[in-house]
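Undergrad: One structure follows; several queries about it will come next.
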Amino acid sequence: MGAGAAPRLRSLIDCRLIIVTGKGGCGKTTVATALALAAAETGKRVALAETGHDEHCPQLIDPTAPAVGYQGRELRPGLEVLHIRPFDALVEYLGLQIGMQALVERGLRQPAFQQLLAAAPGWRELITLGKVYYMESLQRDARRPEYDLIIVDAPASGHGLTFLDVPRVVQSAIRSGPLRRNAGNVEALILDPGRTRLLPVSLAEELPVNETVELIDRISEQVGVPIDRAVMNRVAPSPYGDANDARQLETRLAELGDDADATACDVLPAPDVMAQCCAWRRERFELGARYVEQLATRTSLPLFEVRDRLEGIEGPDTLLEIGRQLLGTTPNGRDAGE
Amino acid sequence: MSEKPTPEEIVGSHRIVVCVGTGGVGKTTVSAAFGMLAARRGLRTLVLTIDPARRLADALGIETLGNEPKRVRLPADALEAHGDIELHAMMLDPKGTFDGLIERFSPNEDIQRQILDNPIYQHASGALSGSGEYAAMEKVLEMSESGDFDLVVVDTPPAQHVLEFLDAPRRLVEFLDSRLVKLLVHPAMAAGRWSVRMFQRPVQGALQLLERVTGVGFLEDLSSFLLAIDDLSDGFKSRAARIESTLLGPQTAFVLVAGPSREATRNAGVFLDHLEDMRARLRGVVINRIRQWPGEEPAADALLRDEIPGAERRQLADALGDANAADAVIDAVRDFACVANQDTRNVEPLTRYAETNRCFFRRVPEQRRDVHDLDTLDQITAALAHSEEKLASP
Numbered sequence: 001m002g003a004g005a006a007p008r009l010r011s012l013i014d015c016r017l018i019i020v021t022g023k024g025g026c027g028k029t030t031v032a033t034a035l036a037l038a039a040a041e042t043g044k045r046v047a048l049a050e051t052g053h054d055e056h057c058p059q060l061i062d063p064t065a066p067a068v069g070y071q072g073r074e075l076r077p078g079l080e081v082l083h084i085r086p087f088d089a090l091v092e093y094l095g096l097q098i099g100m101q102a103l104v105e106r107g108l109r110q111p112a113f114q115q116l117l118a119a120a121p122g123w124r125e126l127i128t129l130g131k132v133y134y135m136e137s138l139q140r141d142a143r144r145p146e147y148d149l150i151i152v153d154a155p156a157s158g159h160g161l162t163f164l165d166v167p168r169v170v171q172s173a174i175r176s177g178p179l180r181r182n183a184g185n186v187e188a189l190i191l192d193p194g195r196t197r198l199l200p201v202s203l204a205e206e207l208p209v210n211e212t213v214e215l216i217d218r219i220s221e222q223v224g225v226p227i228d229r230a231v232m233n234r235v236a237p238s239p240y241g242d243a244n245d246a247r248q249l250e251t252r253l254a255e256l257g258d259d260a261d262a263t264a265c266d267v268l269p270a271p272d273v274m275a276q277c278c279a280w281r282r283e284r285f286e287l288g289a290r291y292v293e294q295l296a297t298r299t300s301l302p303l304f305e306v307r308d309r310l311e312g313i314e315g316p317d318t319l320l321e322i323g324r325q326l327l328g329t330t331p332n333g334r335d336a337g338e
Numbered sequence: 001m002s003e004k005p006t007p008e009e010i011v012g013s014h015r016i017v018v019c020v021g022t023g024g025v026g027k028t029t030v031s032a033a034f035g036m037l038a039a040r041r042g043l044r045t046l047v048l049t050i051d052p053a054r055r056l057a058d059a060l061g062i063e064t065l066g067n068e069p070k071r072v073r074l075p076a077d078a079l080e081a082h083g084d085i086e087l088h089a090m091m092l093d094p095k096g097t098f099d100g101l102i103e104r105f106s107p108n109e110d111i112q113r114q115i116l117d118n119p120i121y122q123h124a125s126g127a128l129s130g131s132g133e134y135a136a137m138e139k140v141l142e143m144s145e146s147g148d149f150d151l152v153v154v155d156t157p158p159a160q161h162v163l164e165f166l167d168a169p170r171r172l173v174e175f176l177d178s179r180l181v182k183l184l185v186h187p188a189m190a191a192g193r194w195s196v197r198m199f200q201r202p203v204q205g206a207l208q209l210l211e212r213v214t215g216v217g218f219l220e221d222l223s224s225f226l227l228a229i230d231d232l233s234d235g236f237k238s239r240a241a242r243i244e245s246t247l248l249g250p251q252t253a254f255v256l257v258a259g260p261s262r263e264a265t266r267n268a269g270v271f272l273d274h275l276e277d278m279r280a281r282l283r284g285v286v287i288n289r290i291r292q293w294p295g296e297e298p299a300a301d302a303l304l305r306d307e308i309p310g311a312e313r314r315q316l317a318d319a320l321g322d323a324n325a326a327d328a329v330i331d332a333v334r335d336f337a338c339v340a341n342q343d344t345r346n347v348e349p350l351t352r353y354a355e356t357n358r359c360f361f362r363r364v365p366e367q368r369r370d371v372h373d374l375d376t377l378d379q380i381t382a383a384l385a386h387s388e389e390k391l392a393s394p
């Protein structure tokens, strides 16, 4: 799409785990939810895991949906949405390790332990990824996994690097024991090119592009989670004709300002206001196009462009449309053969 | 109306301005503009960013930022227009700051080395999340008390929850004070003081559980780290208490930065609740990158509903001599009218909040260029300084 000679891509739909990240405000929650809706539509069993402080995904799918919580809920056939809260994940993990969940929970709720947890760094990231690892390992029966595809709405890129780097850090900090082993398992999953993709989401603006480039560089150097494409979200629609046509149109509109006949409108504003609106649209497009190109050159990654919907994402239909585009599936759920 | 402070009054009457808000709203740019505003008033100003991305350097047009304040050099024409200003910027290096704290509070070099070489410390202070917030708040206080600056503007990290960093000093104190830490550090003493079974049993259980899950090496490291840091903890505790009282005291003003989108304004509302819970002093609300309708008259309702009379469409097509061009113009006009209208509607709750809570309220229009030079930053500074009454549309 944006990047010219794209290497042959494994379709995202064949992954077991897609980790969506990006600078705050780039729309990574939107992209994660869109992917999940479109993947579930193809008949796959999909889990959409939100990792932030609050829940946003369920409301995107159904504005009236109550919170799904840590246990999660099936919001569409084959689409389970859950909110990975670190504390709940820790209770579950320790409960599974020790076998007495209620007792574990009572122990962890001790004020002393709560204070330790509040201050201790790193465990939230590790336990969140641990939960993802656990979900990936679940089997529905002997031949089929519980979830065909797990989509994680990961923390924003500033924290995203820390998030993905924790398994490595834990292994270098801890010499032996089950925690080290678990961190190793988690790392093996997130580094596996046969199962996992990290999907960075950017906007066609300077700072998001810089941050995305930095994130991709550092993930590649430091962590090694496979990245084979990026999403450019909210790309401005093209104006009238090419840049020259658009500019000429603005000039002609400005000239109309003197023409009494052309200005006698009730609904349309004065020609000079119309000219400003056209200039706004052209400048947005030009600025955006420059950054689309920059991201493509600086990362050498194929970019999937998502067109800007000016009035915001209105409901699951638009999301489904975006998700199909990103997964390369058609409305009936078949592979579009990209 | 008159009791609402202006941004100029806020920078003039506080020592610290903390810009808070969710990610992606241009907080760094607004922080830089506040720094510029203060520096223009003759204040020696420092803008401190906690963001690992190099946004502040971008916005101020300087190459790199480090853990030491760096003075912003104005280009010649700016010097001529406004005179020189004392504006400094720095980017926090959490690990360096944390190491500095350990050095300061260690009673001797032995303990200092024990801590700095401890694997738990090495990872906790540098690579893992959370420690950046401790270090950030510490640096704010250090810089504010250094005497080198009249005002420190803090660009906070993009947190979803304002408590994540405001609460960092308190969490550190609570942690150092916690019974679990005492038990790890001084088991005998702890057992003596809390021999009550109710407490001891679960904690010992928890410790055994931790050992089983984590492996012994980790606990040994943790325990020796805590033992070493215990010698420092009085220093940390009084420091953390000072940080908290400074941030929540009268010399600190909080400014909420929000975007005009529905999601951004909704998130801003959540932020306001958190700030109120913390009893932080919110003094201003800035809506960044709002789209403002360029016409003197507001956009017609029919335009917003995309009900353009056929006659007007034909008239425009005739005037331009091209029906396709007329359609493209109408699309652009309708789109802009809709986004501007949407933005205005979205920010209404925040406008009301500012009104009733005696905060200043400023709208910074969307810039047609990226903010990576001082010229564009100037325009944002001007929008902050501009009185909202004059800016407001009917």
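Heads up: the sequence lines are chains A and B, in that order. The working numbering applies: residue 1 is where the first sequence begins, and numbers increase by one. The working numbering applies: residue 1 is where the second sequence begins, and numbers increase by one. For each residue, glycine too, the CB sits at the ideal point set by N, CA and C. In this text the structure is predicted, and so the values were computed from the model without any measurement.
Looking only at C-alpha atoms, which of B:Gly-83, B:Val-18 and B:Val-154 sits nearest to Arg-281 (chain B)?
TA: Position 281 of the second sequence, counted from the first residue, corresponds to residue 281 (chain B). For the residues B:Gly-83, B:Val-18 and B:Val-154, the minimum Cα distance to Arg-281 (chain B) belongs to B:Val-18.
Undergrad: Do you know offhand how far Cys-178 (chain A)'s Cα is from Arg-197 (chain A)'s?
TA: By 1-based counting over the first sequence, the position of residue 178 (chain A) is 178. By 1-based counting over the first sequence, the position of residue 197 (chain A) is 197. As written in the sequence, residue 178 (chain A) is Pro, which differs from the Cys given in the question. If I take the Cα positions, the gap works out to 26 Å.
Undergrad: Below 8 Å on the Cβ atoms is my guess for Leu-191 (chain A) versus Val-152 (chain A); work out the distance and round it to an integer in Å.
TA: Here the question's residue 191 (chain A) lines up with position 191 in the first sequence. Here the question's residue 152 (chain A) lines up with position 152 in the first sequence. The Cβ separation is near 15 Å, so there is no contact.
Undergrad: I'd like the ranges of any alpha helix (DSSP H) spanning at least 4 consecutive residues and lying wholly in the segment 88 to 134 of chain A.
TA: With a minimum length of 4 residues, the continuous alpha helix (DSSP H) runs that stay inside the segment 88 to 134 of chain A are 101 to 108 and 111 to 119.
Undergrad: Counting only Cβ-Cβ distances shorter than 9 Å, please list the residues of the segment 335 to 351 of chain B near chain A, keeping chain order.
TA: Listed by position along the chain: Asp-335, Phe-336, Ala-337, Cys-338, Val-339 and Gln-342.
Undergrad: Determine the chain A residues that contact Glu-312 (chain B) at a beta-carbon separation under 8 Å, and present them in chain order.
TA: The residue labelled residue 312 (chain B) in the question sits at position 312 within the second sequence. Cys-265, Asp-266, Val-267 and Leu-268, listed in chain order.
Undergrad: By Cβ distance, which residues of its chain are closer than 6 Å to Leu-384 (chain B), with the 5 residues on each side in sequence left out?
TA: If you number the second sequence from 1, residue 384 (chain B) lands on position 384. Closer than 6 Å at Cβ, skipping near neighbours: Pro-7, Ala-33, Leu-37 and Arg-362.
Undergrad: Residues in the segment 11 to 24 of chain B with C-beta within 8 Å of chain A's C-beta atoms, listed in sequence order?
TA: Result list: Thr-22, Gly-23 and Gly-24.
Undergrad: If you measure between the beta carbons of Arg-281 (chain A) and Asp-335 (chain B), is that distance less than 8 Å?
TA: Here residue 281 (chain A) refers to the residue found at position 281 when the first sequence is read from its first residue. Here residue 335 (chain B) refers to the residue found at position 335 when the second sequence is read from its first residue. Their beta carbons are under 8 Å apart, which means Arg-281 (chain A) touches Asp-335 (chain B) by this criterion.
Undergrad: If Phe-163 (chain A) sits next to Glu-125 (chain A), beta carbons under 8 Å apart, how far is it from one beta carbon to the other, in whole angstroms?
TA: Within the first sequence, numbered from 1, the residue matching residue 163 (chain A) stands at position 163. Within the first sequence, numbered from 1, the residue matching residue 125 (chain A) stands at position 125. Indeed they touch by this definition, with Cβ atoms about 5 Å apart.
Undergrad: Could you pull the DSSP bridge partners for Thr-252 (chain B) from this structure?
TA: What you label residue 252 (chain B) is simply residue 252 of the second sequence in a count that begins at 1. According to DSSP, which records beta bridges pairwise, Thr-252 (chain B) is partnered with B:Ile-16.
Undergrad: CA-CA distance, Ala-102 (chain A) and Trp-123 (chain A)?
TA: On the first sequence, residue 102 (chain A) is found 102 positions in, with the first residue counted as 1. On the first sequence, residue 123 (chain A) is found 123 positions in, with the first residue counted as 1. Near 21 Å, if we compare the C-alpha coordinates of Trp-123 (chain A) and Ala-102 (chain A).
Undergrad: Throw me the rounded Cβ distance for the Val-270 (chain B) and Tyr-353 (chain B) pair, which I believe falls under 8 Å.
TA: Taking the second sequence and counting its residues from 1, one reaches residue 270 (chain B) at position 270. Taking the second sequence and counting its residues from 1, one reaches residue 353 (chain B) at position 353. With a Cβ gap of about 12 Å, Val-270 (chain B) and Tyr-353 (chain B) do not count as contacting.
Undergrad: Using the three-state DSSP reduction, which class does Lys-70 (chain B) fall into: helix, strand or coil?
TA: What you label residue 70 (chain B) is simply residue 70 of the second sequence in a count that begins at 1. Residue state, collapsed to three classes: strand.
Undergrad: How would you list, in chain order, the residues of chain B whose beta-carbon sits under 8 Å from the beta-carbon of Met-232 (chain A)?
TA: Mapped onto the first sequence, residue 232 (chain A) falls at position 232. Simply none; closest approach about 15 Å.
Undergrad: Bridge partners of Ala-325 (chain B), per DSSP?
TA: Here the question's residue 325 (chain B) lines up with position 325 in the second sequence. None; Ala-325 (chain B) has no bridge partner.
Undergrad: If you follow the beta strand (DSSP E) that Thr-49 (chain B) is part of, which residue opens it and which one closes it?
TA: Along the second sequence, one-based indexing puts residue 49 (chain B) at 49. Segment 45 to 49, the beta strand (DSSP E) holding Thr-49 (chain B).
Undergrad: Using the beta-carbon of each residue, which ones in chain B are nearer than 8 Å to Gln-171 (chain A)?
TA: Reading the first sequence from its first residue, position 171 is the one you call residue 171 (chain A). Within 8 Å Cβ-Cβ: nothing; Gln-171 (chain A) doesn't reach chain B, min ~11 Å.
Undergrad: Under 8 Å between beta-carbons, which chain A residues line up against Gly-295 (chain B)? List them in chain order, please.
TA: Numbered from its first residue, the second sequence carries residue 295 (chain B) at position 295. The answer, in chain order, is Pro-269, Ala-270 and Val-273.
Undergrad: Given a cut-off of 8 Å on the beta-carbon distance, is the pair Gln-343 (chain A) and Pro-294 (chain B) in contact?
TA: Because chain A in this structure spans residues 1 to 338, residue 343 (chain A) falls outside the shown range and cannot be described.
Undergrad: With 16 other CB atoms within 10 Å as the buried threshold, where does His-88 (chain B) fall?
TA: To locate residue 88 (chain B), count along the second sequence from 1; it is residue 88. His-88 (chain B) comes out buried.
Undergrad: Nearest by alpha-carbon distance to Ala-253 (chain B): which of B:Ser-261, B:Ser-245, B:Arg-283 and B:Thr-376 is it?
TA: To locate residue 253 (chain B), count along the second sequence from 1; it is residue 253. Of B:Ser-261, B:Ser-245, B:Arg-283 and B:Thr-376, the residue nearest in Cα terms is B:Arg-283.
Undergrad: What residue does the beta strand (DSSP E) around Ser-202 (chain A) start on, and which one ends it?
TA: As a first step, residue 202 (chain A) is located in the first sequence; it is residue number 202 there, counting from the start. Counting along the chain, the beta strand (DSSP E) containing Ser-202 (chain A) begins and ends at 196 to 203.
Undergrad: Quick one: residues in its chain with C-beta nearer than 7 Å to the C-beta of Glu-205 (chain A), no 5 flanking neighbours on either side, listed in chain order?
TA: As a position in the first sequence, residue 205 (chain A) is number 205, starting the count at 1. Within the same chain, Glu-205 (chain A) has close Cβ partners Tyr-291.
Undergrad: Does any residue of chain A have a CB that is nearer than 8 Å to the CB of Val-154 (chain B)?
TA: Taking the second sequence and counting its residues from 1, the one referred to as residue 154 (chain B) is at position 154. Val-154 (chain B) does not count as touching chain A.
Undergrad: Can you find a CB in chain B that lies within less than 8 Å of the CB of Leu-96 (chain A)?
TA: Mapped onto the first sequence, residue 96 (chain A) falls at position 96. With 8 Å as the cut-off, Leu-96 (chain A) does not count as an interface residue toward chain B.
Undergrad: Within 10 angstroms of the Cβ of Met-100 (chain A), are there 16 or more other Cβ atoms? Answer buried if so, exposed if not.
TA: Mapped onto the first sequence, residue 100 (chain A) falls at position 100. Met-100 (chain A) is exposed by the Cβ-count criterion.
Undergrad: Alpha carbon to alpha carbon, what distance is there between Leu-12 (chain A) and Ile-227 (chain A)?
TA: Translated into the one-based positions of the first sequence, residue 227 (chain A) becomes position 227. Translated into the one-based positions of the first sequence, residue 12 (chain A) becomes position 12. So the alpha carbons of these two residues sit roughly 11 Å apart.
Undergrad: Any C-beta of chain A within less than 9 Å: which residues of the segment 234 to 263 of chain B qualify?
TA: The residues in question are Gly-259, Ser-261, Arg-262 and Glu-263.
Undergrad: Got a sec? Which residues, its chain only, sit under 6 Å from Asp-148 (chain A) by beta carbon, not counting five neighbours each side?
TA: On the first sequence, position 148 is the one that residue 148 (chain A) refers to. Cβ neighbours of Asp-148 (chain A) beyond the five flanking positions: Lys-44 and Arg-45.
Undergrad: What span of residues does the beta strand (DSSP E) with Thr-21 (chain A) cover, start to end?
TA: For the purposes of this step, residue 21 (chain A) is identified with residue 21 of the first sequence, where counting begins at 1. Looking at the DSSP string, the run of the beta strand (DSSP E) that includes Thr-21 (chain A) is 17 to 22.
Undergrad: Find out if the Cβ-Cβ distance for the pair Leu-248 (chain B), Lys-139 (chain B) is shorter than 8 Å.
TA: The count along the second sequence starts at 1 and reaches residue 248 (chain B) at position 248. The count along the second sequence starts at 1 and reaches residue 139 (chain B) at position 139. No.
Undergrad: With DSSP collapsed to three states, give me the class of Gly-42 (chain B).
TA: For this step, residue 42 (chain B) is matched to residue 42 along the second sequence. DSSP places Gly-42 (chain B) in coil when its eight states are reduced to three.
Undergrad: Give a yes or no on whether 8 Å exceeds the smallest Cβ distance from Gly-25 (chain A) to chain B.
TA: Numbered from 1 along the first sequence, position 25 holds the residue referred to as residue 25 (chain A). So yes, Gly-25 (chain A) belongs to the interface.
Undergrad: Would Arg-76 (chain A) and Leu-17 (chain A) be called neighbours here (beta carbons separated by less than 8 Å)?
TA: Mapped onto the first sequence, residue 76 (chain A) falls at position 76. Mapped onto the first sequence, residue 17 (chain A) falls at position 17. No; because the gap between Cβ atoms is not below 8 Å, this pair is not in contact.
Undergrad: Are the beta-carbon atoms belonging to Ala-337 (chain B) and Leu-316 (chain B) less than 8 Å from one another?
TA: As a first step, residue 337 (chain B) must be located in the second sequence, where it is residue number 337. As a first step, residue 316 (chain B) must be located in the second sequence, where it is residue number 316. Not a contact, by the Cβ cut-off of 8 Å.
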